Amino acid sequence: MSGCVFCGIVAGEVPAFTVVDEPNGVAFLDTRPVFKGHVLVVPRTHLIALTDLPADALPGYFALVQRLAVAVESALGAGGTFVAMNNKVSQSVPHLHTHVVPRTKGDGLRGFFWPRHRYDDDAEAQAYADRIAAALI
1 MSGCVFCGIV AGEVPAFTVV DEPNGVAFLD TRPVFKGHVL VVPRTHLIAL
51 TDLPADALPG YFALVQRLAV AVESALGAGG TFVAMNNKVS QSVPHLHTHV
101 VPRTKGDGLR GFFWPRHRYD DDAEAQAYAD RIAAALI
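The UniProt record's numbering numbers the first residue of the sequence shown as 1 and each following residue consecutively.
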């Protein structure tokens with residue numbers, strides 16, 4: 001869809017630190033991560049909400065989200081992950097996306113207060129993307 005930044009990333013027209021690009025979706029680092037290694041997973045087609053995702057696409061899309069949850073945890077030595085999705089309300093980009101956020105005990109994330117931790121530079125962001133991509137199963 002014209003003007004959608006996530007569609008631009010999927011099309012390769014907008015730069016991103018891509019972790020994986022496959023038929024079930026594209027995953028890339030969030031530019032304003034809650035914690036470093038925060039990944040966004042999007043379907044390749046422009047959809048706004050989970051209710052717009054066709055039923056036959058659910059297994060592949062959520063298998064990709066699941067694989068990324070494992071990869072984020074193992075690549076970053078996280079204690080777990082927080083996997084979340086907003087539908088319409090609170091979507092900063094109106095394109096369906098799932099957050100996969102690395103978590104550690106005592107990391108300070110409480111409720112829905114999402115502090116942001118920027119990457120020091122592009123090299124650091126690329127290193128995180130590469131680590132997570134290497135851990136994908």
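Ideal Cβ placement from N, Cα and C applies to all residues, glycine included. Please read all numbers here as calculations on a predicted model, not as lab measurements.
Tell me whether Leu53 counts as near the ligand GDP, meaning its Cβ is closer than 7 Å to at least one heavy atom of that ligand. No copy of the ligand GDP occurs in the structure displayed, which carries no ligand at all.
Report the three-state DSSP secondary structure of Asp107 (helix, strand or coil). The residue labelled residue 107 in the question sits at position 107 within the sequence shown. In the structure shown, Asp107 sits in coil (DSSP, three-state: anything other than H, G, I, E or B).
Using the rule of at least 16 other Cβ atoms within 10 Å of the residue's Cβ for burial, across every protein chain shown, is Ile9 buried or exposed? Numbered from its first residue, the sequence shown carries residue 9 at position 9. Ile9 should be labelled buried.
Who does Ala123 pair with in a DSSP beta bridge? Numbered from 1 along the sequence shown, position 123 holds the residue referred to as residue 123. DSSP, once it has assigned bridges, lists no residue as partnering Ala123.
Quick one: complete beta strand (DSSP E) runs, 3+ long, within the stretch 50–120? Within the stretch 50–120, the complete beta strand (DSSP E) segments at least 3 residues long are 80–84, 98–103, listed from N- to C-terminus.
What did DSSP end up calling Gly8 once you bin it into helix, strand or coil? Position 8 of the sequence shown, counted from the first residue, corresponds to residue 8. Helix at Gly8.
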